[in-house]
Amino acid sequence: MNYSDKFRQNNIKKKKGGIILNISNQEYGELAKRVSPPSAMAKTIPMAFVIGGTICVIGEALLNIYGALGLSRDNAAALTSLSLIFLSILLTGLKLYDRIAQIAGAGTLVPITGFANSVCSPALDFKTEGYVLGLGAKMFVIAGPVIVYGVSASVIYGIIYYCIKLFSA
Amino acid sequence: MAIREGKTFYYENASILSYASVVGKIESEGPYGDEFDEVIEDNKGGTQTFEQAEGLFQQKALKHAMDKANLTADETDLIFAGDLLNQCTGSSYGLKDFYIPFLGIFGACSTFAEGLLLAGAMVNAGYTDNTAAVTSSHFSSAERQFRFPLNYGGVRTPTAQWTATAAGAAIVAKTGKPPFIRAATVGKIEDMGINDLNNMGAAMAGAAYDTILRHFRHTGTSPESYDLIITGDLGQVGSEMLYELFKRDGINLESRHKDCGLLLYDREKQDVHAGGSGCGCSAAMMCGHFLKHVENGDLKRILYAATGALMSPTMVQQGGNIPGISHAVEISYK
Amino acid sequence: MDMIMEYVWAFIIGGILCAIGQVLIDLTKLTPARILTSYVVAGVILGAIGVYEPLIELAGGGATVPLTGFGNLLAKGVREAVDENGLLGAFMGGFTSAAVGVSAAIFFSLIAALIFKPGTKVNNNA
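Chains as they are written, first to last, in this note's numbering: chain A, 1 to 169; chain B, 1001 to 1334; chain C, 2001 to 2126.
See below:
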């Protein structure tokens, strides 16, 4: 309970203070929940599914095209990521990505294109604060944690994998 | 002289001499679009950045208000101004070229009411003659400071509000003509335990209830005593909470209540979710629409209770709540 | 026929991964940045316990394009690096396999920021 709520509760209990907001934070929170409109999940989830699925199909098509051009599986996958990242950043620069995202929700957030958008948008936004301390420094304000925790998780996995190999050998 | 009763001030002689509003493009496409003094179509208003543009909005709003009253900078004694940005950037940078004595104020989105009641007090007490209250907000600069980069595809929840790109300025003086500032109740900081950045309306409704109820009790009035009770930017969620809170006391507020956040935009056609918000939202609605109707007598008596979420992104990240505040100013034709 | 099924699976699996993200947004207060982070870490874990590779076999782009695929890539890179270089590999593999994605995101973003003007969010008027 925070100070403001405690103060209010004490005054209600002692029946003093004449005019006081006579509701506890808990009751108030429940009221807030009751009147807040729920997300239109019947609309948002299908949209995320369809647009997210479509981006994946584009990825699959690129994968097949690059494979047909004779690239190895790993290289085709890397080039697919690169292409999707390029497209996402192009759309971000053209101010279109966030418009699509308003409709797509997680459909444009979860694919690798969402990661690219989260790198590009602060870079673009903070350009006005300079190329070094603005653009350069702020580029990873959103995507930073993805790298930090992704790489850290992979290091932990590497150590565990190494230990398992050591014992099983 | 002014009389102080409880925490409500009464004003004997303070009127709003002139007022003006400047809005952005989206606001001009709303239902009250043609009532504002100037529309700045370009988001940056020809400046380099959104922060500079916010300063420009304030500058233009004050200039329009001064022009309407034929005031020069020399004849304007004092400015109370504020906005949402850190260090009240919009006010300090936007108004610096006027060379008018300046007091920066911060009350989040309640700033315009805070400015009005302070300007009224200074004028009523006789310290100053022509005293201005100016506030602004800008969608893009607020978004950059409080939320995400503008072109980031983060999703807005249905309870989120859209920060208005707008500014309003009013000059208070002893003119003996309407609109008169009659009384004001200063709000208390109410921390209702809300910590959802996307639900500011809920964070502020408690404070609005507290201030409006205290104003009723101190002045011996009820909702029926006013033509309109105008809140700042509670939006859809906050307004409904306010009705519910008053229902507990057996008071029906809904019939007299208007919320600037719900008026500024066409919520059917414009994608603003729970409504508008920001210092500029209620300032523009007051200076663009309501004060006009009090001046010509369509509205005899209104209670303007601007609401603010005193939100610090740092505190919220540290697990803190969003305290709310609301200041009420009673404005009348007689 | 196989070709078509490949795309159908890519659509379904990719769609489901995105729909799960949307459920998290709608029902919890997780911010987008937290969801991105969770997906990558989940991908590392799923890759580590060996359930992600079969999913890629089935869905191709449907499994590699979502950020869980990026996490899986990190796990795969680390596994290969440890096989080759021992314990040191645990510190090499992640960045090696993420190199293309991260470098591309950084470089293209820099170019985009240099070319395009910062602009506001457009209000999706109906």
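Note that beta-carbon positions come from the ideal geometry of N, C-alpha and C, so glycine has one too. Since we're looking at a predicted model, the values are computed, not measured.
Cβ pair count under 8 Å reaching 3, the region 1097–1106 of chain B against the region 1152–1164 of chain B
The region 1097–1106 of chain B, when compared against the region 1152–1164 of chain B, does not touch it at the 8 Å Cβ threshold.
Check the C-beta distance from S2182(C) over to V119(A) and give it rounded, since I have them as a contact under 8 Å.
Limits of chain C in this structure are 2001 at one end and 2126 at the other, which puts residue 2182(C) out of reach.
Does the CB of A2126(C) have a neighbour CB from chain A at under 8 Å?
For A2126(C), the predicted model reports a pLDDT of 41, less than 50, meaning its position is unreliable; a value from the coordinates is still stated below. The beta carbon of A2126(C) does not come within 8 Å of any beta carbon belonging to chain A, so the residue lies off that interface.
Are at least three pairs of beta-carbons, each pair with one atom in the region 29–40 of chain A and one in the region 87–94 of chain A, less than 8 Å apart?
Contact between the region 29–40 of chain A and the region 87–94 of chain A is not established, with fewer than three Cβ pairs separated by less than 8 Å.
To the nearest whole angstrom, what separates the beta carbons of I1189(B) and P1323(B), a pair I think is in contact under 8 Å?
With 8 Å as the limit, I1189(B) and P1323(B) qualify as a contact, their Cβ atoms being about 5 Å apart.
Determine the direct distance from the alpha carbon of Y1011(B) to that of M1001(B), and round the result to whole angstroms.
Below a pLDDT of 50, predicted positions are generally treated as unreliable, and M1001(B), at 41, falls in that range; no measurement from the model is reported.
How about I2025(C): is its C-beta nearer than 8 Å to some C-beta of chain B?
A Cβ of chain B is located within less than 8 Å of the beta carbon of I2025(C).
State the CB to CB distance for the pair G59(A) and V2040(C), rounded to an integer number of angstroms; the pair is presumed to be in contact (CB under 8 Å).
G59(A) to V2040(C), Cβ: 17 Å. No contact.
From K1025(B) to G1046(B), what distance separates their C-alpha atoms?
Each residue's alpha carbon lies about 14 Å from the other.
K6(A) at chain C interface by Cβ criterion, 8 Å:
Not one chain C Cβ lies under 8 Å of K6(A).
Tell me the DSSP secondary structure of A1002(B) in three-state form.
Confidence in A1002(B) is poor, its pLDDT being 49 and thus under 50, which makes the residue's placement unreliable; the coordinate value appears in the next sentence. Coil.
Proximal residues to D1210(B) (C-beta, below 8 Å), its chain only, five neighbours per side dropped
Correct list, in chain order: G1187, K1188, E1190 and S1326.
Using C-beta distances below 7 Å, list every residue in its chain close to A2126(C), excluding the 5 sequence neighbours before and after it, in chain order.
Because the pLDDT at A2126(C) is just 41, under 50, the model does not fix this residue reliably, and the point stays unresolved.
From the DSSP secondary-structure annotation, give me the bridge partner or partners of A1184(B).
For A1184(B), which the question treats as bridged, DSSP gives the partners F1009(B) and V1329(B).
Looking only at its chain, what residues have a beta carbon closer than 6 Å to the beta carbon of E1224(B), apart from the 5 residues adjacent to it on each side?
Correct list: empty, nothing qualifies.
Could you give the C-beta distance for T1307(B) and G1232(B), rounded to a whole number, given that I count them as a contact under 8 Å?
Contact flag correct, Cβ pair sits at about 4 Å.
Can you check DSSP and say which residues form a bridge with L1078(B)?
According to DSSP, L1078(B) shares a beta bridge with T1131(B).
Please work out which residues of its chain come closer than 8 Å, Cβ to Cβ, to P1179(B), disregarding the five sequence neighbours upstream and downstream, and give them in chain order.
Cβ neighbours of P1179(B) beyond the five flanking positions: S1015, I1016, L1291, V1294, E1295, I1331, S1332 and Y1333.
Interface positions of the region 1194–1217 of chain B facing chain F (Cβ-Cβ less than 7 Å), listed along the chain
The structure shown contains no chain F; its protein chains are A, B and C.
In whole angstroms, what separates the C-alpha of C2018(C) from that of Y97(A)?
C2018(C) and Y97(A): Cα-Cα distance of roughly 16 Å.
Under the three-state DSSP convention, the category Y1019(B) falls into:
Note: Y1019(B) maps to strand in three-state DSSP.
Can you tell me whether P1313(B) is helix, strand or coil according to DSSP?
If DSSP states are grouped into helix, strand and coil, P1313(B) belongs with the helices.
How many angstroms separate the CA atom of A137(A) from the CA atom of L1117(B)?
One Cα belongs to A137(A), the other to L1117(B), and the distance between them is close to 42 Å.
Spatial neighbours of F1036(B) within its chain, please: C-beta separation below 7 Å, excluding the five flanking residues on both sides.
For F1036(B), same chain residues with a beta-carbon under 7 Å away, outside a window of 5 residues either side, are S1021, V1022, V1023, S1028, A1284 and G1288 in chain order.
For M1192(B), would you say it is in contact with chain A, using Cβ-to-Cβ distances shorter than 8 Å as the test?
Yes, contact with chain A.
Determine the chain B residues that contact G114(A) at a beta-carbon separation under 8 Å, and present them in chain order.
Here the neighbours are G1153.
Identify the contact partners of G2094(C) in chain A, using a Cβ-Cβ distance below 8 Å as the criterion.
The contacting residues are G150, V151, S154, V155 and G158.
Among the candidates F1009(B), T1185(B) and V1272(B), whose CA atom is the shortest distance from the CA of V2122(C)?
It is V1272(B) whose Cα lies nearest to the Cα of V2122(C).
Secondary structure, alpha helix (DSSP H): runs of 4+ residues fully inside the region 1114–1171 of chain B
Taking only runs of at least 4 residues, the alpha helix (DSSP H) segments lying wholly in the region 1114–1171 of chain B are 1139–1146.
List the endpoints of the continuous alpha helix (DSSP H) containing K2076(C).
In the DSSP annotation of this structure, the continuous segment of the alpha helix (DSSP H) that includes K2076(C) starts and ends at L2067 to N2085.
Near-chain B residues of the region 136–148 of chain A - C-beta to any C-beta below 9 Å
For the region 136–148 of chain A, the beta-carbon criterion of a distance under 9 Å to any beta-carbon of chain B is satisfied by K138, V141 and I142.
Anyone know if the C-beta pair for G2062(C) and Y2052(C) falls short of 8 Å?
Going by C-beta atoms, G2062(C) is not nearer than 8 Å to Y2052(C).
Taking C-beta to C-beta, are I1230(B) and L1303(B) nearer than 8 Å?
Yes.
So which residues of chain B does L31(A) contact, with C-beta pairs closer than 7 Å?
Correct list: M1241 and E1244.
Could you give the residue range of the beta strand (DSSP E) that holds F1102(B)?
F1102 to G1104 is the extent of the beta strand (DSSP E) around F1102(B).
Taking the alpha carbon of N1151(B) as the reference point, which residue from L166(A), Y149(A) and A123(A) has its own alpha carbon closest?
For the set L166(A), Y149(A) and A123(A), the Cα lying nearest the Cα of N1151(B) is the one of A123(A).
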